[in-house]
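Plus 22 on top of the position in the sequence shown (first one is 1) and you've got my numbering. I have placed the structure first, in the form of structure tokens, so that the comments after it can refer back to it.
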Amino acid sequence: MDGADEAAPERGATRALVALSALYLAQGIVAGFGSFVLIPGLASAGVDLTTQAGVLAWGGLPWVLKLAWAPLLDRVAGPQSGLRRRAVAVALQLCCAGVAAAMTQIDLAGDATALALLWTVLNLFVSLQDVAADTLALDAIPERRRGLARGLMSAASHVGAGVLGSLVIAWQIGQAGYAAGIWLMAGLLAALALGPWALRRVDLDGARRSPEGSLRGALALLLTARRTRLGLLLALTAVLANGATSAIAGQYFVLHLGWTVERLGAELAPVITAVQLVGYGLAAALVDRLGHGRALGLGLIGMGVTWALFGLLDASLGSSEVLYALVTLEGLTTGLMYVGLYAALMDLTDSRARATQYVLYMATINLASRVIGPLAGPPLLADLGYAGAFIAAGVTNVLIGLSALALRLSRRAG
């Protein structure tokens with residue numbers, strides 16, 4: 023009997039992996055459309071930069087506020103709520119498709135107010151879907167397969183952004199106009215609702231059982247629990263140096279190495295996209311075997327060594343072979359780090375308040391990687407120069423990686 027109980031979540035895990043990959047593919051489609059189709063399209067139509075920035079900013083606002091949705095999801099779709107969690111994910115996905123379809127009825131370049139409103143509402147539903155997807159992952163994926171799940175989810179997001187949301191939709195727009203391209207996006211988003219719809223009750227009820235106690239009690243203890251403090255510390259420190267190096271990377275390539283923007287887009291961007299997909303695929307296969315904490319530590323160390331080599335080999339980076347080798351190493355180790363980090367944070371989540379706690383971890387990652395880290399980049403560059411800044415970031419990452427290994431967070435498939 024015990025063997026059957028243990029096998030149930032494993033049988034449902036494959037369906038859950040498909041559902042989660044579908045949801046993250048949808049998120050990537052919207053992100054890719056915004057970055058590679060919508061904003062460039064507004065620019066080519068002569069829309070001023072202030073309006074473009076306003077559309078982007080309004081679309082980003084729901085991602086900042088999604089923490090407010092997580093406690094509600096914990097209450098109405100807790101670990102014992104069965105198929106209600108599936109219904110929430112499907113409904114949000116269909117809402118995304120509906121808002122995308124509504125965008126076909128406006129003049130994207132001529133009605134900035136309507137565009138900003140619909141783009142904000144679309145991102146609202148996508149951000150809520152993101153919370154629901156992460157909650158489904160916590161509920162339906164056994165601990166031994168969390169690395170695989172996070173790797174596949176990240177890879178799906180990259181495919182959505184780099185292929186479907188950008189290349190495919192842009193091609194459709196070129197063939198038949200903007201309305202046709204947006205209808206294609208709406209159709210893809212609606213079709214991807216079939217992913218979570220295929221989940222069964224056993225997939226959602228078998229993997230996680232809530233410990234005794236109320237949601238209110240879990241939320242009250244959330245910030246005082248040791249595992250929460252540890253998770254927040256990991257979320258904050260693991261991505262700081264990556265945020266700093268990302269902030270100076272564009273200037274490094276253009277002003278220091280002498281690359282043109284056109285060359286970056288034509289030569290380096292495809293390599294980075296391909297390497298990232300390979301990196302997340304390898305991470306999906308390796309992280310559960312290595313252990314989540316160990317994968318995080320090794321990924322951090324690998325990224326740190328790569329950045330240190332950028333600094334130490336600065337004089338040799340005029341050679342494309344050396345540069346591409348370092349870019350490849352960075353992409354592979356970055357995938358290992360992020361998948362290990364996400365899986366480790368899942369391990370540090372209390373099932374009674376799992377949506378709230380995990381969104382809090384994600385908000386901390388965004389704060390460190392998109393705000394604190396980038397703000398630290400320019401002063402670091404001013405004080406140390408390009409080589410010194412990369413070496414300092416590398417040493418910092420190595421030390422954080424060694425600390426992560428010392429914490430012995432690993433959960434290994436066995």
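Built from N, CA and C at the ideal position, the CB exists for glycine as well. Bear in mind the structure is a predicted one, so any value in this text is a computation, not a measurement.
Collapsing the DSSP output to three states places D372 in coil. By the criterion of at least three beta-carbon pairs nearer than 8 Å, the region 329-342 is not in contact with the region 423-431.
One alpha carbon belongs to P396, the other to G265, and they sit about 5 Å apart.
Excluding residues up to 5 positions away in sequence, L60, I61, L64, A134, L137, A138 and W141 lie with their Cβ nearer than 8 Å to the Cβ of V77 in the same chain. Within the region 380-435, the complete alpha helix (DSSP H) runs of at least 4 residues fall at 395-428. Under the DSSP assignment, A67 falls outside any alpha helix (DSSP H); it carries neither an H nor an E label. Per DSSP, Q127 lies in no alpha helix (DSSP H) segment and is marked neither H nor E. Between the region 201-211 and the region 342-362, the count of C-beta pairs closer than 8 Å stays below three; the two stretches do not touch. The residue from F147, G303, Q151 and L286 with its alpha-carbon nearest to that of V181 is G303. It is roughly 8 Å from the alpha-carbon of G56 to the alpha-carbon of G187. L146 has its alpha-carbon roughly 20 Å from the corresponding atom of T73. Bounds of the alpha helix (DSSP H) holding A257 are R248 to T259. Cβ contact annotation for A178 (same chain, cutoff 6 Å, sequence separation greater than five): S43, Y46 and L47, in chain order. In the three-state reduction of the DSSP assignment, T282 falls in the coil class. In the three-state DSSP reduction, R311 falls in the helix class (H, G or I). Counting only residues of its own chain and dropping the five nearest sequence neighbours on each side, A131 has a CB closer than 8 Å to the CB of G63, L64, A67, G68 and V69.
For L210, the closest C-alpha among the options D161, V300 and G50 is that of G50.
Under the Cβ criterion (8 Å, minimum of three pairs), the region 146-155 counts as touching the region 109-121. Linking I191 to A257 through their CA atoms gives a straight-line distance of about 34 Å. Assigned with DSSP and collapsed to three states, G340 falls in coil, not helix or strand. In its chain, beyond the 5 residues on either side, L367, L370 and Y383 have a beta carbon closer than 7 Å to the beta carbon of G253. Judged by beta-carbon spacing, G321 lies beyond the 8 Å limit of T267, meaning their Cβ atoms are not closer than that value. Taken through DSSP and simplified to helix, strand or coil, L78 comes out as helix. The count of Cβ pairs closer than 8 Å, one atom from the region 295-312 and one from the region 168-175, reaches three, so the stretches are in contact. Around the beta carbon of S391, 16 or more other beta carbons lie within 10 angstroms, which makes this residue buried. In the DSSP annotation of this structure, the continuous segment of the alpha helix (DSSP H) that includes I195 starts and ends at I191 to A198.
Sixteen is the threshold: since fewer than 16 other Cβ atoms of the shown chains lie within 10 Å of the Cβ of Q197, the residue is exposed.
Comparing alpha carbon positions, the residue from D161, P401, A411 and V52 closest to L214 is V52. According to the DSSP assignment, L170 belongs to the alpha helix (DSSP H) that extends over R168 to V181.
A distance below 6 Å between beta-carbons, with the five flanking residues on each side excluded, links V143 to the following residues of its chain, in chain order: V121. Taken through DSSP and simplified to helix, strand or coil, L221 comes out as coil. Membership of I270 in the alpha helix (DSSP H) is indicated by the continuous run L262 to Q273.
For A365, same chain residues with a beta-carbon under 7 Å away, outside a window of 5 residues either side, are R168, G169, R172, V309 and H314 in chain order. Note on A291: under 16 other CB atoms within 10 angstroms of its CB, so exposed under the neighbour-count rule. Sorting A269, N388 and V417 by C-alpha distance to the C-alpha of M325 places V417 at the top. Secondary structure at D156: helix, using DSSP grouped into helix, strand and coil.
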